[in-house]
Each structure stands twice: as structure tokens, then as C-alpha cells.
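Numbering (this note's numbering), first residue to last: 2 to 195.
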């Protein structure tokens, strides 16, 4: 057997190994449902999840005012409302993108009207629906609990949320106080933004 033949055999074995590994990753991808037209979010989730029409957890990228009111009352008049309500009735968890809730786009809406819509959201949450920011959804679906997503990381929060390996992961929007930065530097704590 020549060196070239040996190299070819090794090359084929390596290709088989990586092919099996990538197929295994595809098989092991968690299945989630996705309802809505947010292609950017859908593509981001496709990297880590198997996106289907339905799943145990369903991401809803847009929720209109009519659908919000109907689902919170347990009724439907459109196909979209019917689909969402039936998923709730089947015990599936809906995860609604906060930025995709239609009424939230109207900044100058009367306070009483905003209060009514917030009450609808609270009713939905009492049914087990989660309403969260778009950047938090992937982490929630991956069941990562160790990312700090508050707006401000102060010294008290830093001490409370340090991982066992001396790091803390924070979202990109989180601001870190100077005192927390000094404490982290003095104690070799890594602050990692995601």
C-alpha cells in the first residue's frame, strides 16, 4: 500500500466521522414551533433548533391586538387566533416576542388603553404563555439560566450572579457600574457580553 492510498483511506474515515457527527447534531436538535413572519428571528433559531409548524414550545413573532384580546378571552375569529388558542388548549407553551406585540408600537396610546392591553397580556401569562424580548428567546429555549439580562449590573448583582468558574455572562444591553468593574478586576472575575 502506497502513502497516497493510506492518505485516501484516512481522509475517507475522517469525512465519515464528521458526517456522522453533523448528522447526529441535526437529529439531536430540539424541535420548536414558529408562528409569524419574522424571518431574521426564524433564521437565528434555525441554527440551533429544528423549526416546524408545531412543537412543545412555540415562538410567536407577531401578535396583533385582535389576537391578543381574543386569546386572552379564550375565543377566536380568525385562523391565526384559532391556531394559537388550540396550541394553548393542547398544553403547548407559547413564547411571544415582546417587540412583536402590535399595541406596543403605539407610544402615545392612552394610559387606560395600555392598561387594558397589559391586563390581556397578564391573562395570557396566567395561561402559561411567556412574553419576552427577542434577545432572550434563544437563551430561554436553550434553557440557559446563567445570563444576566437586567439593565444595570451593580456590585450587589455581580456578587450574586458570579458563576463557579469566576465569570458572569451579561446581555449586550446591560450597563456595568464602575464599582462592579473595579471589583471584577480586583478579583479576576470575567464579565462576558453576549
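Using N, Cα and C, we set each Cβ at its ideal position, and we do this for glycine too.
I'd like the span of the beta strand (DSSP E) that includes residue i, first residue to last.
i	result
residue 61	58 to 61
residue 191	191 to 194
residue 170	168 to 171
Is it buried or exposed for residue i, if we count other Cβ within 10 angstroms and need 16 for buried?
i	result
residue 39	buried
residue 75	exposed
residue 82	buried
residue 50	buried
residue 169	buried
residue 16	exposed
residue 171	buried
residue 92	exposed
CA-CA distance, residue i and residue j?
i	j	result
residue 191	residue 155	14 Å
residue 61	residue 35	6 Å
residue 178	residue 185	11 Å
residue 113	residue 120	11 Å
residue 195	residue 149	10 Å
residue 89	residue 58	10 Å
residue 143	residue 6	44 Å
residue 98	residue 107	16 Å
residue 28	residue 72	Any reading at residue 28 needs caution, since the residue's pLDDT is 46, under 50, leaving its predicted position unreliable; the model's value is listed next. Taking the straight line from one Cα to the other gives about 34 Å.
residue 44	residue 3	46 Å
residue 86	residue 77	7 Å
residue 134	residue 100	7 Å
residue 8	residue 193	42 Å
residue 137	residue 109	26 Å
Locate the alpha helix (DSSP H) running through residue i, then write down its first and last residues.
i	result
residue 84	80 to 90
residue 41	40 to 47
residue 151	It is not in any alpha helix (DSSP H) - residue 151 carries neither H nor E in the DSSP assignment.
residue 94	Per DSSP, residue 94 belongs to no alpha helix (DSSP H); it is in the beta strand (DSSP E), 94 to 98.
residue 186	179 to 187
DSSP three-state call for residue i: helix, strand or coil?
i	result
residue 124	helix
residue 131	strand
residue 52	strand
residue 30	coil
residue 10	helix
residue 66	helix
residue 108	coil
residue 143	coil
residue 138	helix
residue 163	coil
According to DSSP, what are the bridge partners of residue i?
i	result
residue 35	60
residue 76	Beta-bridge pairing links residue 76 to no other residue.
residue 102	64
residue 176	153
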